[in-house]
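Working notes, beginning with the structure itself.
There are 2 protein chains.
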Amino acid sequence: MHGSSGYPSAVQQQWRDPDFNISILFKYPHGNHVLLAVACICSIQLTFVWMFEVIFSHIQEKVQLTKEEQALIKTFFTPKKLRKKQYLLQEGDVCRYLVFVEKGLLRSYNVDEKGVEHMIHFAWEGWWMSDTYSFLSAEASAYNIDAVEDAELLMISLQGFEEMLLKVPAMERYFRILFQNNIISKERRLISSITHSAEEKYTQLAAANPHMIQRIPQNMIASYLGLTPETLSRIRKKLSSGA
Amino acid sequence: MHGSSGYPSAVQQQWRDPDFNISILFKYPHGNHVLLAVACICSIQLTFVWMFEVIFSHIQEKVQLTKEEQALIKTFFTPKKLRKKQYLLQEGDVCRYLVFVEKGLLRSYNVDEKGVEHMIHFAWEGWWMSDTYSFLSAEASAYNIDAVEDAELLMISLQGFEEMLLKVPAMERYFRILFQNNIISKERRLISSITHSAEEKYTQLAAANPHMIQRIPQNMIASYLGLTPETLSRIRKKLSSGA
DNA sequence: TAAAATACTTGATACAGATCAAGTGTTTTT
DNA sequence: AAAAACACTTGATCTGTATCAAGTATTTTA
Numbered sequence: 067m068h069g070s071s072g073y074p075s076a077v078q079q080q081w082r083d084p085d086f087n088i089s090i091l092f093k094y095p096h097g098n099h100v101l102l103a104v105a106c107i108c109s110i111q112l113t114f115v116w117m118f119e120v121i122f123s124h125i126q127e128k129v130q131l132t133k134e135e136q137a138l139i140k141t142f143f144t145p146k147k148l149r150k151k152q153y154l155l156q157e158g159d160v161c162r163y164l165v166f167v168e169k170g171l172l173r174s175y176n177v178d179e180k181g182v183e184h185m186i187h188f189a190w191e192g193w194w195m196s197d198t199y200s201f202l203s204a205e206a207s208a209y210n211i212d213a214v215e216d217a218e219l220l221m222i223s224l225q226g227f228e229e230m231l232l233k234v235p236a237m238e239r240y241f242r243i244l245f246q247n248n249i250i251s252k253e254r255r256l257i258s259s260i261t262h263s264a265e266e267k268y269t270q271l272a273a274a275n276p277h278m279i280q281r282i283p284q285n286m287i288a289s290y291l292g293l294t295p296e297t298l299s300r301i302r303k304k305l306s307s308g309a
Numbered sequence: 067m068h069g070s071s072g073y074p075s076a077v078q079q080q081w082r083d084p085d086f087n088i089s090i091l092f093k094y095p096h097g098n099h100v101l102l103a104v105a106c107i108c109s110i111q112l113t114f115v116w117m118f119e120v121i122f123s124h125i126q127e128k129v130q131l132t133k134e135e136q137a138l139i140k141t142f143f144t145p146k147k148l149r150k151k152q153y154l155l156q157e158g159d160v161c162r163y164l165v166f167v168e169k170g171l172l173r174s175y176n177v178d179e180k181g182v183e184h185m186i187h188f189a190w191e192g193w194w195m196s197d198t199y200s201f202l203s204a205e206a207s208a209y210n211i212d213a214v215e216d217a218e219l220l221m222i223s224l225q226g227f228e229e230m231l232l233k234v235p236a237m238e239r240y241f242r243i244l245f246q247n248n249i250i251s252k253e254r255r256l257i258s259s260i261t262h263s264a265e266e267k268y269t270q271l272a273a274a275n276p277h278m279i280q281r282i283p284q285n286m287i288a289s290y291l292g293l294t295p296e297t298l299s300r301i302r303k304k305l306s307s308g309a
């Protein structure tokens with residue numbers, strides 16, 4: 067159903083690529099330097115228009131922004147691309163950025179003494195990702211963040227974040243609402259993890275978020291629910307046959 | 067150590083009692099109506115001064131408020147007293163208020179099909195309590211909130227909350243910061259519940275929040291950690307003897 | 001397109017923590 | 001002050017999920 071390959075088309079990828087110059091030289095060698103220059107100029111503009119499409123549509127679901135505010139907000143963000151399996155943050159480093167996922171899929175996780183990974187969050191198009199604690203406190207992070215699928219991100223530093231919230235009160239409001247909703251969903255996950263059996267946890271997740279089940283590898287879903295891959299595999303078998 | 071009786075003294079209780087008229091008539095029957103009237107007037111003022119002491123000190127740890135803002139903020143809150151075991155919210159009702167605990171101890175919990183209670187939160191002096199989802203959505207709550215110790219609260223309705231945040235931008239900021247911190251602590255609890263053994267969960271909670279262990283009954287602590295009271299009892303025995 | 005790496009499945013066994021049961025303390029109520 | 005209710009402890013047993021192990025798919029890399 068839902069492809070996890072990353073990009074819908076090669077051309078579209080060009081417009082989205084912050085490293086567009088190099089990419090175009092390699093991938094579309096027209097041998098015509100004039101044409102190439104035109105392509106580059108176009109792509110600068112289109113890249114920018116595109117890059118903030120998802121983020122502004124998400125913000126404006128919650129608060130209104132003027133054109134001036136939008137222009138100001140853009141100045142605080144840096145675009146970044148991440149290839150599958152690349153780290154955005156490694157345990158021990160300070161999480162310097164709060165990132166918005168324009169495209170792709172990130173995960174955050176920690177690794178215990180036995181080397182087992184425990185999924186904390188996933189973030190795809192329209193979601194924010196960071197280690198909130200490390201980001202706000204500038205202390206070393208206990209988590210890792212990397213790309214499950216190739217990703218395109220918008221990053222904001224702590225300094226930028228604070229300045230933006232002070233200069234654009236609508237963004238202060240947006241983040242208050244965002245954090246509010248985040249609290250609600252974390253609370254649900256917590257209650258589910260404390261009160262339900264493995265099977266119930268999986269069934270509820272699948273019902274509440276079918277998209278997640280389709281897109282994210284099963285071993286990561288298992289970890290997210292606090293289960294081993296074997297247990298989740300058995301549960302799925304039981305559900306598909308028994309019920 | 068920490069008494070769970072609720073009130074330090076009978077006299078102090080008077081000043082804090084929103085139903086001060088009736089209380090004074092019953093408890094301090096001087097038989098002198100003039101004196102009684104004076105006492106009532108005094109108590110109105112002192113009640114108000116006292117009621118907002120904790121809340122403003124907590125808010126001003128995070129944001130600055132002018133005298134005018136403080137006066138405005140007060141108008142949005144209603145004081146309320148709750149006796150031990152009294153409900154603030156019952157499953158199926160809509161959570162109409164966000165409450166701040168000036169004194170005492172509240173808990174929120176849900177009850178599963180087997181009738182077992184699962185602790186979600188505790189809130190004592192300086193903490194907020196509500197079912198965030200029900201409060202913001204006005205949908206029926208799946209939780210109960212009641213008083214573990216006699217409590218004195220400041221309540222704000224959803225309408226009041228929204229109006230307050232729009233009229234006092236510092237409060238918008240305060241709640242954004244509050245929710246941010248809440249996310250951090252919920253995340254920690256979640257990771258702990260997924261990645262650690264029962265003993266580790268308890269040890270970490272005891273280290274991070276010794277106050278909680280002293281003040282809250284063990285069976286509630288057990289539930290909060292997703293354990294049975296029997297298991298927690300055995301863990302404590304093991305820790306006190308073995309280590 | 002082959003080889004290597006990774007993801008998923010299935011089976012046998014182990015164990016942490018739950019459940020059931022029957023105590024003993026400690027509050028709360030009357 | 002007695003009785004009832006509730007909180008905590010301890011023991012015996014059971015069970016859901018983890019662990020270990022050895023497969024079969026599937027994806028990634030070369």
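Protein chains in written order, with the working numbering: chain U, 67 to 309; chain X, 67 to 309.
Idealized CB from N, CA, C, for every residue including glycine.
Being a predicted model, the structure only gives us computed values, none of them experimental.
- Message: Along the stretch 255 to 273 of chain X, where does the CB come closer than 7 angstroms to a CB of chain U? Name the residues.
- Response: 255, 256, 257, 259, 260, 261
- Query: Can you give the Cα-Cα distance for residue 164 of chain X and residue 192 of chain U, rounded to whole angstroms?
  - Reply: The straight-line gap from Cα to Cα measures roughly 29 angstroms.
- Query: What runs of the beta strand (DSSP E), each 3 residues or longer, lie entirely inside the stretch 197 to 230 of chain X?
  - Reply: 210 to 223
- Taking residue 156 of chain X as the reference, give the member of X:183, X:209, X:169 with the closest Cα. With distances taken between Cα atoms, residue 156 of chain X lies closest to X:209.
- Is the Cβ of residue 235 of chain X closer than 8 angstroms to any Cβ of chain U? yes
- Query: Looking at the structure shown, is residue 131 of chain U part of a helix, part of a strand, or coil, going by DSSP?
  - Reply: coil
- residue 119 of chain U CB to nearest chain X CB: under 8 angstroms? With a threshold of 8 angstroms between beta carbons, residue 119 of chain U makes no contact with chain X.
- Item | Simplified DSSP assignment, three categories, for residue 248 of chain X | helix
- Message: Quick check: the stretch 214 to 224 of chain X against the stretch 140 to 154 of chain X, are at least 3 beta-carbon pairs closer than 8 angstroms?
- Response: Remark: three or more beta-carbon pairs, one from each stretch, lie closer than 8 angstroms, so the stretch 140 to 154 of chain X and the stretch 214 to 224 of chain X are flagged as touching.
- How many angstroms separate the CA atom of residue 141 of chain X from the CA atom of residue 173 of chain U? 44 angstroms
- C-beta atoms of residue 175 of chain U and residue 185 of chain U nearer than 8 angstroms: yes
- Could you name the residues of the stretch 212 to 231 of chain U whose beta carbon sits closer than 7 angstroms to any beta carbon of chain X, in the order they occur along the chain? none
- In three-state terms, what does DSSP make of residue 171 of chain X? Taken through DSSP and simplified to helix, strand or coil, residue 171 of chain X comes out as strand.
- Query: If we count the other Cβ atoms within 10 Å of its Cβ and call it buried at 16 or more, is residue 306 of chain U buried or exposed?
  - Reply: exposed
- Task: Please confirm if residue 198 of chain U has its CB atom under 8 angstroms from at least one CB of chain X.
- Result: yes
- Distance between residue 285 of chain U and residue 294 of chain U (C-alpha atoms, nearest Å): 8 angstroms
- Query: Within 10 angstroms of its Cβ, does residue 197 of chain X collect 16 or more other Cβ (buried), or is it exposed?
  - Reply: buried
- Item | For residue 144 of chain X: DSSP bridge partner residues | X:221
- Message: Can you tell me where the beta strand (DSSP E) holding residue 155 of chain U begins and where it ends?
- Response: 153 to 155
- Query: Taking the alpha-carbon positions, what's the residue 302 of chain U to residue 287 of chain U distance?
  - Reply: 12 angstroms
- Query: Among the residues of its own chain, which have a CB less than 7 angstroms from the CB of residue 258 of chain X, if the five just before and after it don't count?
  - Reply: 267, 270
- Message: Just checking: is the beta-carbon of residue 178 of chain X within a distance shorter than 8 angstroms of some beta-carbon in chain U?
- Response: So, interface residue.
- Item | Expected contact under 8 angstroms - CB spacing of residue 158 of chain X and residue 204 of chain X to nearest Å | Rounded, the Cβ-Cβ distance is 13 angstroms, inconsistent with contact.
- Task: Could you spell out the range, first to last residue, of the alpha helix (DSSP H) harbouring residue 124 of chain X?
- Result: 119 to 125
- Helix or strand or just coil, what does DSSP make of residue 293 of chain U? Residue state, collapsed to three classes: coil.
- Message: Along the chain, where does the beta strand (DSSP E) containing residue 187 of chain U start, and where does it finish?
- Response: 183 to 190
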